[in-house]
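Asks: Below are the structure tokens for one structure; questions will follow.
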Amino acid sequence: MADPIKDGDVIRVRYTGRDQNGEVFDTTDGRGPFTYVVGSGAVMRGFDAAVLGLRAGERTRVILAPDQAYGARNEECVISIPRSSVPARLNIVPGMQLKLPLQGGKAMTATVTKITRELIRLDGNHPLAGKTLTFDIEIVATGLRPTELFAS
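If you read the sequence shown in UniProt numbering, its first letter stands for residue 1, the second for the next number, and so on.
Right, here's the structure in full:
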């Protein structure tokens with residue numbers, strides 16, 4: 001029998017993530033299992049914690065509070081910019097995601113939430129920030145080699 005999962009292990013999982021309303025926001029169904037290094041930051045903290053100690057073939061359901069998933073909503077990440085600062089040719093519509101340049105050459109993604117004649121409201125929070133999430137996880141394989149990260 002394989003050893004229980006610990007930080008640093010390369011594992012392969014199938015999962016389905018649902019929001020508070022039961023709506024699926026992410027799943028491996030239809031695209032095959034996901035391979036990653038436990039504790040590497042590739043997944044949210046709560047997901048990592050849920051697989052620790054499990055073995056290949058085991059399943060679990062975990063409910064993650066916002067602090068274990070995408071964090072709390074931060075209203076400081078909601079801004080309004082003058083509509084005139086965005087070229088009209090871009091045809092901005094609510095729901096669209098824009099990359100905003102930051103200092104140091106970095107960028108952040110923000111979702112257009114509202115457009116008025118004068119302003120465009122942008123929300124830089126992750127769309128699932130502030131939400132409790134449920135994951136159904138199946139451990140497909142454990143003890144994989146790092147070269148298998150790219151084989152799934």
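Beta carbons: idealized from backbone N, C-alpha and C, even for Gly.
Remember, it's a predicted structure, so these values are computed and weren't measured experimentally.
Report yes if the C-beta distance between Met108 and Leu100 is below 7 angstroms; otherwise report no.
Replies: Here the question's residue 108 lines up with position 108 in the sequence shown. Here the question's residue 100 lines up with position 100 in the sequence shown. Yes; because the gap between Cβ atoms is below 7 angstroms, this pair is in contact.
Asks: Using 8 angstroms as the cut-off, can you tell me whether the region 75-94 makes contact with the region 43-60, which would need three or more C-beta pairs spanning the two stretches below that distance?
Replies: No contact exists between the region 75-94 and the region 43-60.
Asks: Just how far apart, CA to CA, sit Ala42 and Val51?
Replies: For the purposes of this step, residue 42 is taken as residue 42 along the sequence shown, with counting starting at 1. For the purposes of this step, residue 51 is taken as residue 51 along the sequence shown, with counting starting at 1. Near 13 angstroms, if we compare the C-alpha coordinates of Val51 and Ala42.
Asks: Can you check which of these residues, Thr16, Lys114, Ala65 and Gly22, is closest to Arg45 by C-alpha distance?
Replies: As a position in the sequence shown, residue 45 is number 45, starting the count at 1. Among Thr16, Lys114, Ala65 and Gly22, the Cα nearest to that of Arg45 is on Ala65.
Asks: Leaving out the 5 sequence neighbours to the left and right, which residues in its chain are closer than 8 angstroms to Leu128 when beta-carbon positions are compared?
Replies: As a first step, residue 128 is located in the sequence shown; it is residue number 128 there, counting from the start. Only Asp19, Phe25, Ala69 and Tyr70 meet the Cβ criterion.
Asks: Under 8 angstroms by Cβ, that's how I've got Val38 and Ile5 pegged, so tell me the actual separation to the nearest angstrom.
Replies: The sequence position of residue 38 within the sequence shown is 38, counting from 1. The sequence position of residue 5 within the sequence shown is 5, counting from 1. Yes, they are in contact, since the Cβ atoms of Val38 and Ile5 sit about 6 angstroms apart, within 8 angstroms.
Asks: In three-state terms, what does DSSP make of Thr60?
Replies: Residue 60 sits at position 60 when you count from the first residue of the sequence shown. In the structure shown, Thr60 sits in a strand (DSSP, three-state: E or B).
Asks: What span of residues does the beta strand (DSSP E) with Phe150 cover, start to end?
Replies: The residue you call residue 150 lines up with position 150 of the sequence shown. Taken as a continuous stretch (DSSP letters only), Phe150 belongs to no beta strand (DSSP E), as it is neither H nor E.
Asks: According to DSSP, simplified to helix, strand and coil, what is Asp3?
Replies: Against the sequence shown, residue 3 aligns to sequence position 3. Coil at Asp3, not helix or strand.
Asks: Of the residues Glu75, Ser40, Gly30 and Leu102, which one's Cα is nearest the Cα of Thr16?
Replies: Walking along the sequence shown from the start, residue 16 turns up at place 16. Checking every option, the nearest Cα to that of Thr16 belongs to Gly30.
Asks: Apart from the five residues on each side of it in sequence, which residues of its chain come closer than 8 angstroms, Cβ to Cβ, to Pro94?
Replies: Taking the sequence shown and counting its residues from 1, the one referred to as residue 94 is at position 94. Val112, Thr113, Lys114 and Ile115.
Asks: If I measure Cβ to Cβ from Arg145 and keep anything under 7 angstroms in the same chain, skipping five residues before and after, which residues do I get?
Replies: If you number the sequence shown from 1, residue 145 lands on position 145. Excluding positions up to five away in sequence, the list reads Val10.
Asks: Mind checking which residues open and close the alpha helix (DSSP H) that includes Gly95?
Replies: Mapped onto the sequence shown, residue 95 falls at position 95. Note, Gly95: premise wrong, no alpha helix (DSSP H); not H, not E.
Asks: Taking 7 angstroms as the threshold (beta carbon to beta carbon), is Ala65 in contact with chain D?
Replies: Any reference to chain D falls outside this structure, which holds one protein chain only.
Asks: DSSP beta-bridge partners for Ala69?
Replies: Translated into positions along the sequence shown, residue 69 becomes position 69. Ala69 is not bridged to any residue.
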